[in-house]
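Undergrad:
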Amino acid sequence: SKARIIADQLFNNQSPPPVIRVFLATPLRRGFDYLCPPELKPVPGMRVWVPFGKGRRIGIVGECDVSPQVSLDKLKPIEAVLDSAPILPPALNKLVRWAADYYLHSPGDAWQQALPVLLRQGAPASGDELFWQLVPGADTSVLAKNASKQLAAVAQLQSGELSDNELGELPFDRATLRTLQDKGLVQSEQRRQQGTPFWENPLLVNPGPRPNSEQAVAITAINAAKGFAPFLLEGVTGSGKTEVYLSAMSETLKAGKQVLVLVPEISLTPQTLRRFQKRFEVPMALLHSGLTDNERLKVWRQARDGELGIVIGTRSAVFTPLARPGLIIVDEEHDASFKQQEGFRYHGRDLAVVRAQLEKVPLVLGSATPALESLANCEAGKYQKLVLNERAGNASQVRFDLIDIKHQPLTAGLSPPVLAAIKAHLGRGEQVLVFLNRRGFAPTLLCHECGWIADCHRCSAYPTVHKGRQRLICHHCGSDRPLPHQCHSCGSSQLVGVGLGTEQLENELSALFPGYKAVRIDRDATRRKGSLESALTGIRQGQYQLLIGTQMLAKGHHFPDVTLVVLLDVDGALYSSDFRAAERLAQLVVQVAGRAGRADKPGRLLLQSHHPEHPLLSQLLTNGYGAFAANALIERRQTLLPPFSAQALFRSDALKAEDAQSLLDAIGQRLQQCAPEGGWVLGPLPAPLERRAGKFRFQLWVQYQDKKGLRQWLAPLLANLEEDPPHRRANWTLDLDPIDS
Ligand code: ADP
Ligand code: ZN
Ligand code: ZN
Numbered sequence: 022s023k024a025r026i027i028a029d030q031l032f033n034n035q036s037p038p039p040v041i042r043v044f045l046a047t048p049l050r051r052g053f054d055y056l057c058p059p060e061l062k063p064v065p066g067m068r069v070w071v072p073f074g075k076g077r078r079i080g081i082v083g084e085c086d087v088s089p090q091v092s093l094d095k096l097k098p099i100e101a102v103l104d105s106a107p108i109l110p111p112a113l114n115k116l117v118r119w120a121a122d123y124y125l126h127s128p129g130d131a132w133q134q135a136l137p138v139l140l141r142q143g144a145p146a147s148g149d150e151l152f153w154q155l156v157p158g159a160d161t162s163v164l165a166k167n168a169s170k171q172l173a174a175v176a177q178l179q180s181g182e183l184s185d186n187e188l189g190e191l192p193f194d195r196a197t198l199r200t201l202q203d204k205g206l207v208q209s210e211q212r213r214q215q216g217t218p219f220w221e222n223p224l225l226v227n228p229g230p231r232p233n234s235e236q237a238v239a240i241t242a243i244n245a246a247k248g249f250a251p252f253l254l255e256g257v258t259g260s261g262k263t264e265v266y267l268s269a270m271s272e273t274l275k276a277g278k279q280v281l282v283l284v285p286e287i288s289l290t291p292q293t294l295r296r297f298q299k300r301f302e303v304p305m306a307l308l309h310s311g312l313t314d315n316e317r318l319k320v321w322r323q324a325r326d327g328e329l330g331i332v333i334g335t336r337s338a339v340f341t342p343l344a345r346p347g348l349i350i351v352d353e354e355h356d357a358s359f360k361q362q363e364g365f366r367y368h369g370r371d372l373a374v375v376r377a378q379l380e381k382v383p384l385v386l387g388s389a390t391p392a393l394e395s396l397a398n399c400e401a402g403k404y405q406k407l408v409l410n411e412r413a414g415n416a417s418q419v420r421f422d423l424i425d426i427k428h429q430p431l432t433a434g435l436s437p438p439v440l441a442a443i444k445a446h447l448g449r450g451e452q453v454l455v456f457l458n459r460r461g462f463a464p465t466l467l468c469h470e471c472g473w474i475a476d477c478h479r480c481s482a483y484p485t486v487h488k489g490r491q492r493l494i495c496h497h498c499g500s501d502r503p504l505p506h507q508c509h510s511c512g513s514s515q516l517v518g519v520g521l522g523t524e525q526l527e528n529e530l531s532a533l534f535p536g537y538k539a540v541r542i543d544r545d546a547t548r549r550k551g552s553l554e555s556a557l558t559g560i561r562q563g564q565y566q567l568l569i570g571t572q573m574l575a576k577g578h579h580f581p582d583v584t585l586v587v588l589l590d591v592d593g594a595l596y597s598s599d600f601r602a603a604e605r606l607a608q609l610v611v612q613v614a615g616r617a618g619r620a621d622k623p624g625r626l627l628l629q630s631h632h633p634e635h636p637l638l639s640q641l642l643t644n645g646y647g648a649f650a651a652n653a654l655i656e657r658r659q660t661l662l663p664p665f666s667a668q669a670l671f672r673s674d675a676l677k678a679e680d681a682q683s684l685l686d687a688i689g690q691r692l693q694q695c696a697p698e699g700g701w702v703l704g705p706l707p708a709p710l711e712r713r714a715g716k717f718r719f720q721l722w723v724q725y726q727d728k729k730g731l732r733q734w735l736a737p738l739l740a741n742l743e744e745d746p747p748h749r750r751a752n753w754t755l756d757l758d759p760i761d762s
């Protein structure tokens with residue numbers, strides 16, 4: 022075999038055989054050593070086939086000419102080198118290695134995550150395709166009259182060559198072409214369908230509105246930036262942030278450079294894309310989860326080769342190679358969905374900052390409600406803050422009111438003043454948005470006779486009643502079962518849903534306001550493809566007057582005819598054990614408020630609470646997000662919480678609680694043994710949801726004054742844990758800069 026031959030060559034040679042270190046997609050935080058003949062010319066960043074265990078795998082060359090970790094005769098030779106050059110451009114190559122290092126993650130897995138699926142599986146990075154042509158002067162009259170497929174293929178090829186990818190629709194297939202090739206009538210050729218870099222074509226930029234003075238300041242600052250320059254663009258929804266992006270993008274494109282735009286959620290992107298398309302006549306692509314692996318790889322190649330001027334995508338798009346990067350934008354930079362919550366737990370925004378630094382390009386982080394981390398970076402002088410205070414264009418300031426619901430009778434969770442307001446706004450022909458972040462009909466099912474509560478058999482949680490679908494669904498593990506009609510404990514049929522979900526809210530509001538049409542926007546109501554788009558269109562066209570929804574309604578979409586926004590149930594976040602809950606609530610309130618209103622019809626926001634005197638709420642409502650954030654940062658500084666310290670979170674899970682707990686106990690002890698001065702370990706504690714999908718979960722918090730010191734503390738321990746785990750009855754993961762517990 023080929024491997025054998027390579028091995029013979031290696032060992033017959035006099036000088037010591039060269040060893041390369043390869044990163045493989047295993048959880049282990051290290052490289053694997055292989056022998057590699059120098060004539061294969063491996064370079065870090067190229068893909069290689071290597072034998073691994075009983076099979077073979079694709080890995081990435083990490084280092085060449087290393088001194089091996091084990092004796093030479095234990096090393097196997099690599100099988101093949103797949104690439105003729107590193108698969109990622111140098112800056113991106115560095116980014117992936119930086120990220121694996123920073124997040125203390127397996128470098129091989131980080132590489133996998135950074136590449137499109139087909140490249141992980143060995144597809145050529147070059148983009149070569151197979152092209153079929155008729156052999157010039159071939160005599161096709163030799164074909165039998167009844168060889169209809171072959172005749173069809175010849176007829177097709179007479180009008181021009183065909184690429185392998187174009188065969189799908191045609192009345193013949195690859196086998197037909199191979200037969201013709203054997204007969205000497207057809208030839209094939211492997212080459213690349215080359216597009217042209219976008220900068221070689223004329224660029225058309227349609228005019229936008231004239232920037233107001235604040236926008237002009239921001240645009241000038243961004244356009245004047247040379248090299249790496251991070252900006253935080255802060256402005257409420259409708260203040261014209263997107264217009265600032267568009268102006269900066271325009272300059273970048275005119276200079277023949279590419280723009281990378283990261284957005285939190287794919288449901289937002291059609292709107293963004295349309296707006297970009299209206300402004301720029303330049304090839305652009307959207308990287309979203311609906312793409313096939315082939316389409317994804319195509320966008321990847323086109324971006325790498327400069328064929329695309331603009332690439333828009335969610336967090337993983339931060340790894341898209343660009344021939345000539347010129348500008349990186351992260352919209353809604355505070356959004357938690359930029360953080361990957363499993364496996365390689367990187368933060369897309371934070372990596373965008375590092376990437377901009379490596380590529381030496383300006384970076385714009387935009388938000389109405391910046392993350393406290395980003396604001397702290399402005400205070401520290403690392404980012405330049407650009408503020409849009411006026412509402413540009415057609416939006417106006419929203420008025421906030423707190424409604425004290427203590428002792429108030431509630432109908433469908435709504436207090437009398439709120440019901441009166443809804444009635445008044447509907448009566449004026451305006452739209453009303455009611456926000457409740459709980460989908461389903463009711464969060465618990467209770468027996469009215471004996472108090473029995475239906476629980477999830479796999480989680481320490483109660484499943485949600487979904488009346489429309491007649492099922493009980495656990496929102497934590499996804500398990501579902503038919504809605505019971507009898508109590509499991511006493512047999513009574515008096516089962517009632519307790520608490521309020523969006524499904525019930527929609528029913529009740531429809532009954533309370535029978536003359537008006539309601540629409541619900543949550544993950545249940547928008548399961549079918551296209552249903553979200555059609556609901557949004559219906560809202561914009563005024564088919565619906567009552568909008569009921571969860572988080573999904575709070576992001577990105579602007580509803581100019583909504584003049585009243587009601588937020589139910591905000592009290593939970595006020596007294597949460599999660600120190601980020603207040604920040605999240607403040608962001609949510611401002612984001613939801615931002616959906617509403619325009620100049621001639623100002624919006625109004627009503628917040629129901631049992632704690633209207635709570636300082637967070639009152640401050641947010643009277644002084645706005647900026648004042649809230651400034652105070653929250655002071656508090657974080659005093660309590661030494663991030664961003665004024667660095668945290669890491671170990672999580673464990675196991676079928677038995679004691680296994681999950683004892684593993685973290687042991688990790689905690691090892692951490693304590695080598696703790697630096699001021700290093701701090703808390704736990705193990707049960708996770709907020711202690712049991713999920715049948716497994717018990719624990720967590721261990723680690724904190725230190727700075728990120729570098731924290732990593733230096735953890736890194737040796739991780740190597741030690743991999744080689745010598747306390748026991749193997751539980752799994753553990755590490756999350757650096759965790760944002761969720
Ligand atoms: P944001 O991204 O902050 O939500 P947008 O850029 O989408 O704000 O602007 C909100 C609306 O105001 C859009 O319809 C936009 O076209 C319009 N707009 C923005 N800037 C201006 C301007 N300088 N003059 C007129 N209209 C503007
Ligand atoms: Zn469950
Ligand atoms: Zn009962």
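Going by full-length UniProt numbering, the sequence shown opens with residue 22, and the numbers climb by one from there. Beta carbons are placed, not taken as given, at the ideal position from N, Cα and C, and that holds for glycine. Keep in mind it's a predicted model, so treat the numbers as computed, not measured.
Using 8 angstroms as the cut-off, can you tell me whether the stretch 322-334 makes contact with the stretch 358-367, which would need three or more C-beta pairs spanning the two stretches below that distance?
TA: Contact fails: fewer than three Cβ-Cβ distances are below 8 angstroms.
Undergrad: One question on the structure: do Leu116 and Arg376 come within less than 8 angstroms of each other, judged by their Cβ atoms?
TA: Yes, the Cβ-Cβ distance between Leu116 and Arg376 is below 8 angstroms.
Undergrad: Curious, which full-length beta strand (DSSP E) runs of at least 3 residues does the stretch 252-295 contain?
TA: The qualifying runs are 279-283.
Undergrad: Can you tell me which residues fall inside 6 angstroms of ligand 2, judged by beta-carbon distance to its nearest heavy atom, and keep chain order?
TA: In chain order, the hits are Cys477, Arg479, Cys480, Ala482, Cys495, His497, Cys498, Ser500.
Undergrad: Quick one: using the 10 Å Cβ neighbour count with 16 as the cut-off for buried, is Cys498 buried or exposed?
TA: Buried, because 16 or more other Cβ atoms sit within 10 Å of the Cβ of Cys498.
Undergrad: Is there at least one Cβ from chain D nearer than 8 angstroms to Leu670's Cβ?
TA: The displayed structure is made up of one protein chain only, and chain D is not part of it.
Undergrad: Using only the heavy atoms of ligand 1, determine whether one of them is closer than 7 angstroms to the beta carbon of Gly261.
TA: True, at least one ligand heavy atom lies under 7 angstroms from that Cβ.
Undergrad: Between Phe649 and Leu642, what straight-line distance do the alpha-carbon atoms span, to the nearest angstrom?
TA: Taking the straight line from one Cα to the other gives about 9 angstroms.
Undergrad: If you check the beta carbons only, do Asp203 and Pro285 fall under 8 angstroms apart?
TA: No, these two residues do not count as a Cβ contact at 8 angstroms.
Undergrad: What residues in its chain sit with their C-beta under 8 angstroms from that of Leu504, if we drop five residues either side in the sequence?
TA: Counting only Cβ-Cβ distances below 8 angstroms, and skipping sequence neighbours, we find Leu466, Val486, His487, Lys488, Gln491, Arg492, Leu493.
Undergrad: I'd like the list of long-range same chain contacts for Gly570, defined as Cβ closer than 6 angstroms, with 5 residues on each side in sequence excluded.
TA: Only Ile542, Asp543 meet the Cβ criterion.
Undergrad: Does the distance between the C-beta of Arg231 and the nearest non-hydrogen atom of ligand 1 fall short of 7 angstroms?
TA: For ligand 1, at least one heavy atom lies less than 7 angstroms from the Cβ of Arg231.
Undergrad: Buried or exposed for Asn458, please, with buried defined as at least 16 other CB atoms from any protein chain shown within 10 angstroms of its CB.
TA: Under this definition Asn458 is a buried residue.
Undergrad: Please name the residue in Leu206, Pro346, Ala669, Tyr565 whose C-alpha comes closest to that of Glu451.
TA: Nearest option by C-alpha distance: Tyr565.
Undergrad: What do you reckon, are the CB atoms on Ile79 and Arg141 nearer than 8 angstroms?
TA: For Ile79 and Arg141, yes; Cβs fall inside 8 angstroms.
Undergrad: Pick from Gly536, Glu380, Arg449, Pro192: whose alpha carbon is nearest that of Pro251?
TA: Checked all of Gly536, Glu380, Arg449, Pro192; the closest Cα to Pro251 is Glu380.
Undergrad: By the 10 Å Cβ neighbour count, where 16 or more other Cβ atoms means buried, how is Val175 classified, buried or exposed?
TA: Buried, by the Cβ-count rule.
Undergrad: Can you tell me which of the three DSSP states Glu554 falls into?
TA: Of the three classes helix, strand and coil, the one that applies to Glu554 here is helix, per DSSP.
Undergrad: Glu328 by DSSP, collapsed to three states: which one?
TA: Glu328 falls in the coil class under three-state DSSP.
Undergrad: Relative to the C-alpha of Leu283, which candidate in Gly277, His309, Leu274 has its C-alpha closest?
TA: Selected option, being the one with the closest Cα: His309.
Undergrad: What residues match up with Pro72 in a beta bridge as DSSP calls it?
TA: According to DSSP, Pro72 bridges with Arg77.
Undergrad: State the CB to CB distance for the pair Ala539 and Leu567, rounded to an integer number of angstroms; the pair is presumed to be in contact (CB under 8 angstroms).
TA: 4 angstroms between Cβ atoms; contact.
Undergrad: Please name the residue or residues paired with Asn752 in a DSSP beta bridge.
TA: According to DSSP, which records beta bridges pairwise, Asn752 is partnered with Asp674.
Undergrad: Compute the Euclidean distance between the alpha carbons of Trp70 and Val339, then round it to the nearest angstrom.
TA: Spanning the two alpha carbons is a distance of roughly 26 angstroms.
Undergrad: Using C-beta distances below 7 angstroms, list every residue in its chain close to Thr263, excluding the 5 sequence neighbours before and after it, in chain order.
TA: The answer, listed in chain order, is Arg296.
Undergrad: Under a three-way DSSP split, which group does His446 fall into?
TA: Note: His446 maps to helix in three-state DSSP.
Undergrad: Considering Trp119, what are the terminal residues of the alpha helix (DSSP H) in which it resides?
TA: Taken as a continuous stretch (DSSP letters only), the alpha helix (DSSP H) holding Trp119 covers 111-123.
Undergrad: Taking Gln177 as the reference, which of Arg199, Trp153, Thr200 has the closest Cα?
TA: Comparing Cα positions, the closest option is Trp153.
Undergrad: Can you tell me where the beta strand (DSSP E) with Phe649 in it begins and where it stops?
TA: Where Phe649 is concerned, there is no enclosing beta strand (DSSP E), although the alpha helix (DSSP H) it sits in stretches over 636-660.
Undergrad: In the DSSP assignment, what residue or residues form a beta bridge with Val455?
TA: Answer is Ile569, Val587.
Undergrad: Within the structure, which residues are defined as neighbours of ligand 3 by a Cβ-heavy atom distance below 5 angstroms, reported in chain order?
TA: This selection yields Cys468, Glu470, Cys471, Trp473, Cys508, Ser510, Cys511, Ser513.
Undergrad: State the CB to CB distance for the pair Ile81 and Phe44, rounded to an integer number of angstroms; the pair is presumed to be in contact (CB under 8 angstroms).
TA: Between Phe44 and Ile81 the Cβ distance is about 5 angstroms, and since that is below 8 angstroms, they are a contact.
Undergrad: Taking 7 angstroms as the cut-off, is the CB of Gly647 close to at least one heavy atom of ligand 1?
TA: Incorrect: Gly647 has no Cβ contact closer than 7 angstroms to ligand 1.
Undergrad: Quick check: is any heavy atom of ligand 1 less than 7 angstroms from the C-beta of Gly256?
TA: Gly256 Cβ: within cutoff of ligand 1.
Undergrad: Under 7 angstroms Cβ to Cβ from Gln572, same chain only, skipping five residues before and after it: list those, please.
TA: Once the five neighbours on either side are set aside, the close Cβ partners of Gln572 are Asn458.
Undergrad: Helix, strand or coil for Cys471, going by three-state DSSP, please let me know.
TA: Coil at Cys471, not helix or strand.
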